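Asks: Starting off with a structure, shown below.
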Amino acid sequence: MFETLTQAPGDKILALMGEFAADPRTDKIDLGVGVYKDENGVTPIMSAVRKAEERMLSGAKTKTYLGISGNKGFGAAVLDLVLGDAVARNRVRIAQAPGGTGSLWVLMQLVNRARPGATIWLSDPTWPNHQPIAENAGLKVASYPYFDAATRAVRFNEMLAALDALGRDDVVLLHGCCHNPTGANLTNAQWDAVAASLARTGALPLIDLAYLGFGDGLAEDAYGTRKVVESVPEALIAFSGSKNFGLYRERVGAAILVARDAASADIANSQMMNIIRASYSQPPDHGAEIIRVILEDKDLRAEWEAELDLTRARMIRLREKLAEAIRQRSNSKDFDFIGEHRGMFSLLGLPREAVDHLKVTNGVYMIGDSRINVAGIPEDRVGVLADALIAAIK
Ligand code: PMP
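Okay, so the sequence shown: first residue is 11 according to the working numbering, each after it adds one.
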């Protein structure tokens, strides 16, 4: 049968990682792959995670099945983390799922059961995996204006006009915070306007929350999500624990649905359980149990929050240092946006030739669309990086 198949496209980011690894230059700089790295270039295991794992190892009594919706304590704790007191829990259902990706997969399947072939509107640009997940779920994909390549800010008026034109059969994918790939985010006032638009049009929001705590803080980054779920009768949220708990390979996330009342939440949830049962039956427990232990324990939670604070502060400091170094050298404010963006990424808006030039000439690696991972900026060589960036766009 396989003779009918043709080569599928490879993953561009993984290919770039391979190129970086093979580059013999010792002063090369990796701004490519989307994982957090500390000052040693290492993606660390957080100290609270290590302690939770040790506790689990000695305390675990069984490895029997968990159930389709996964770890219940994890679910309750994640709802509190994400929603606070934004919505009555009898309207909310949560299923632990394999990462943010698995959560998006489950939720988009659910949308397709409610509205087969509905259109999901993605920001232009967005995380490259959104479109294939949506299409594999049976949805149609369209895009709304988002990033202004000239100012590197959100084209908010155009975005809002596009959202205002949607209707009850449409789904809108919103990045809850720390937009990937651009780093340009909505202000709280803009979230208020988006929530009001959704309430007016009846379009269904699907919020991708993959970087909670990586922007301005846990509560600050949840503002948009909470505002939206307070404003509309129905909403979906795909939560990821990959970045904020550093649990990438454990595949932990959650699919959250908010319905208009408890009875419709039960019906939608039964469909979600049915989708999961036929997809992977049940989620893996390890990462979810780590998160449950941390969030339920006062001391471990404080330790996790403190480490997350340091992680976030480091990324903001690197942003400000790079922006400042470029400003001093170029005598222009054109790259100040790097300091204003939030999250792990900024889209620099460089032409493809500049991206290639930086790789070939300077050993500076970034994604082809000129997305940089700010956690990869070498703090002691910010000036070198600034020089290279300025030279590449001359
Ligand atoms: N959404 C966005 C916007 C992301 O950047 C990512 C991770 N790159 C994910 C979802 C999914 O993350 P994971 O499946 O690893 O939890």
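Note that beta-carbon positions come from the ideal geometry of N, C-alpha and C, so glycine has one too.
Predicted model, so just to flag it, every value in this text is computed and none were measured.
So, with DSSP's three-state summary, where would you put residue 174?
Replies: By 1-based counting over the sequence shown, the position of residue 174 is 164. Three-state result, residue 174: helix.
Asks: What beta strand (DSSP E) runs, 3 residues minimum, are completely inside the stretch 107-151?
Replies: Those beta strand (DSSP E) runs which fall completely within the stretch 107-151 and span 3+ residues are 129-134.
Asks: Relative to the C-alpha of residue 50, which residue among 77, 165, 298 and 388 is closest?
Replies: One-based indexing of the sequence shown puts residue 50 at position 40. The option with the nearest alpha carbon to residue 50 is 388.
Asks: Exposed or buried, residue 74, counting other C-beta atoms within 10 Å across all chains shown (16 or more means buried)?
Replies: Locating residue 74 in the sequence shown gives position 64, counting from the first residue. Flag for residue 74 reads exposed.
Asks: Could you please give me the residues that DSSP links to residue 105 through a beta bridge?
Replies: For the purposes of this step, residue 105 is identified with residue 95 of the sequence shown, where counting begins at 1. The partner list for residue 105 (beta bridge, DSSP) reads 265.
Asks: Quick check on residue 218: does DSSP put it in helix, strand or coil?
Replies: Taking the first residue of the sequence shown as 1, we reach residue 218 at position 208. Note: residue 218 maps to strand in three-state DSSP.
Asks: Could you tell me if the beta carbon of residue 264 falls within a distance shorter than 7 Å of some heavy atom in the ligand PMP?
Replies: As a first step, residue 264 must be located in the sequence shown, where it is residue number 254. Result no, Cβ not under 7 Å from the ligand PMP.
Asks: Please determine whether the Cβ atom of residue 111 lies at a distance below 7 Å from any heavy atom of the ligand PMP.
Replies: As a working mapping, residue 111 is identified with position 101 in the sequence shown. Result yes, Cβ under 7 Å from the ligand PMP.
Asks: Can the beta-carbon of residue 338 be found less than 8 Å from the beta-carbon of residue 77?
Replies: Here residue 338 is taken as the residue at index 328 of the sequence shown, counted from 1. Here residue 77 is taken as the residue at index 67 of the sequence shown, counted from 1. No. Outside cutoff.
Asks: Note down, in chain order, each residue of its chain lying with its Cβ closer than 6 Å to the Cβ of residue 114, except the 5 sequence neighbours on either side.
Replies: Taking the sequence shown and counting its residues from 1, one reaches residue 114 at position 104. Excluding positions up to five away in sequence, the list reads 143 and 248.
Asks: Starting from residue 68, follow the alpha helix (DSSP H) in both directions and report where the run begins and ends.
Replies: As a position in the sequence shown, residue 68 is number 58, starting the count at 1. Residues 57-69.
Asks: Quick test of your reading: residue 252 and residue 109, contact by CB under 8 Å. State the CB separation rounded to the nearest angstrom.
Replies: Here residue 252 is taken as the residue at index 242 of the sequence shown, counted from 1. Here residue 109 is taken as the residue at index 99 of the sequence shown, counted from 1. About 6 Å; that satisfies the 8 Å criterion.
Asks: Short of 7 Å in beta carbon distance, which residues of its chain neighbour residue 54, apart from the five on each side in sequence? Order them along the chain.
Replies: Translated into positions along the sequence shown, residue 54 becomes position 44. Counting only Cβ-Cβ distances below 7 Å, and skipping sequence neighbours, we find 48 and 256.
Asks: Thinking just about the alpha-carbon of each residue, which of 380, 375, 220 and 378 is nearest to the one in residue 140?
Replies: Position 130 of the sequence shown holds residue 140. The shortest Cα separation from residue 140 among 380, 375, 220 and 378 belongs to 220.
Asks: If you draw a straight line from the C-alpha of residue 31 to the C-alpha of residue 322, how long is it?
Replies: Here residue 31 corresponds to residue number 21 of the sequence shown, with the count starting at 1. Here residue 322 corresponds to residue number 312 of the sequence shown, with the count starting at 1. About 26 Å.
Asks: Compute the minimum distance between the beta carbon of residue 212 and the heavy atoms of the ligand PMP, and state whether it is under 7 Å.
Replies: Along the sequence shown, read from residue 1 onward, the residue named residue 212 stands at position 202. For the ligand PMP, not one heavy atom lies less than 7 Å from the Cβ of residue 212.
Asks: Just verifying my parser: in three-state terms, what is the DSSP assignment at residue 258?
Replies: As a position in the sequence shown, residue 258 is number 248, starting the count at 1. If DSSP states are grouped into helix, strand and coil, residue 258 belongs with the helices.
Asks: Tell me, which residues are paired with residue 164 by DSSP?
Replies: Reading the sequence shown from its first residue, position 154 is the one you call residue 164. Bridge partners of residue 164: 157.
Asks: For residue 381, is the classification buried or exposed, using 16 other Cβ atoms within 10 angstroms of its Cβ as the cut-off for buried?
Replies: Along the sequence shown, read from residue 1 onward, the residue named residue 381 stands at position 371. With 16 or more Cβ atoms within 10 Å of its Cβ, residue 381 is classed as buried.
Asks: Return yes when the C-beta of residue 351 is under 7 Å from any heavy atom of the ligand PMP, and no when it is not.
Replies: The residue you call residue 351 lines up with position 341 of the sequence shown. Incorrect: residue 351 has no Cβ contact closer than 7 Å to the ligand PMP.
Asks: What residue range is occupied by the uninterrupted alpha helix (DSSP H) comprising residue 183?
Replies: For the purposes of this step, residue 183 is taken as the residue at position 173 of the sequence shown. That residue, residue 183, is in no alpha helix (DSSP H); its beta strand (DSSP E) goes 181-185.
Asks: Is residue 137 near the ligand PMP, going by C-beta to nearest heavy atom under 7 Å?
Replies: As a working mapping, residue 137 is identified with position 127 in the sequence shown. Checking the Cβ of residue 137 against the ligand PMP gives yes.
Asks: Do residue 105 and residue 121 have their beta-carbon atoms positioned less than 8 Å apart in this structure?
Replies: Start at 1 with the first residue of the sequence shown, and residue 121 comes out as number 111. Start at 1 with the first residue of the sequence shown, and residue 105 comes out as number 95. In this structure, residue 105 does not lie closer than 8 Å to residue 121 by Cβ.
Asks: Pairs of beta-carbons, one from the stretch 318-337 and one from the stretch 359-369, closer than 8 Å: are there three or more?
Replies: Because the criterion of three Cβ pairs below 8 Å is not met, the stretch 318-337 and the stretch 359-369 do not touch.
Asks: Any beta-carbon of chain B closer than 8 Å to the one on residue 391?
Replies: Of the protein chains in the structure, only one exists, and it is not chain B.
Asks: Looking at residue 202 and the ligand PMP, is the gap between the Cβ and the nearest heavy atom below 7 Å?
Replies: If you number the sequence shown from 1, residue 202 lands on position 192. Result no, Cβ not under 7 Å from the ligand PMP.
Asks: Three Cβ pairs or more, each shorter than 8 Å: is that satisfied between the stretch 185-196 and the stretch 227-235?
Replies: Taking 8 Å as the limit for Cβ pairs, the verdict is that the stretch 227-235 does touch the stretch 185-196.
Asks: Going by the DSSP bridge assignment, what does residue 198 pair with across the sheet?
Replies: By 1-based counting over the sequence shown, the position of residue 198 is 188. None, per the DSSP bridge assignment.
Asks: Does the Cβ of residue 280 have 16 or more other Cβ atoms within 10 Å, making it buried, or fewer, making it exposed?
Replies: Counting from 1 along the sequence shown, the entry for residue 280 is found at position 270. Exposed, because fewer than 16 other Cβ atoms sit within 10 Å of the Cβ of residue 280.
Asks: Work out the CA separation of residue 299 and residue 70 for me, nearest whole Å.
Replies: Locating residue 70 in the sequence shown gives position 60, counting from the first residue. Locating residue 299 in the sequence shown gives position 289, counting from the first residue. Taking the straight line from one Cα to the other gives about 10 Å.
Asks: Check residue 277 in the structure and name its three-state DSSP category.
Replies: Within the sequence shown, numbered from 1, the residue matching residue 277 stands at position 267. In this structure, residue 277 counts as helix in the three-state DSSP scheme.
Asks: Buried or exposed for residue 371, going by 16 or more other Cβ atoms inside 10 Å?
Replies: Position 361 of the sequence shown, counted from the start, is the residue given in the question as residue 371. Residue 371 is exposed by the Cβ-count criterion.
Asks: Just the C-alpha distance for residue 7 and residue 42, rounded to the nearest angstrom, thanks.
Replies: Residue 7 lies beyond the residue range present for the chain, which begins at 11 and ends at 404; the question has no answer from this structure.
Asks: So for residue 305, helix, strand or coil by DSSP?
Replies: Along the sequence shown, one-based indexing puts residue 305 at 295. Three-state DSSP puts residue 305 in a helix.
Asks: Beta carbon of residue 44: closer than 7 Å to some heavy atom of the ligand PMP?
Replies: The residue given as residue 44 occupies position 34 in the sequence shown. Yes, Cβ of residue 44 sits closer than 7 Å to a heavy atom of the ligand PMP.
Asks: Is it the case that the CB of residue 296 approaches a heavy atom of the ligand PMP more closely than 7 Å?
Replies: As a working mapping, residue 296 is identified with position 286 in the sequence shown. Checking the Cβ of residue 296 against the ligand PMP gives no.
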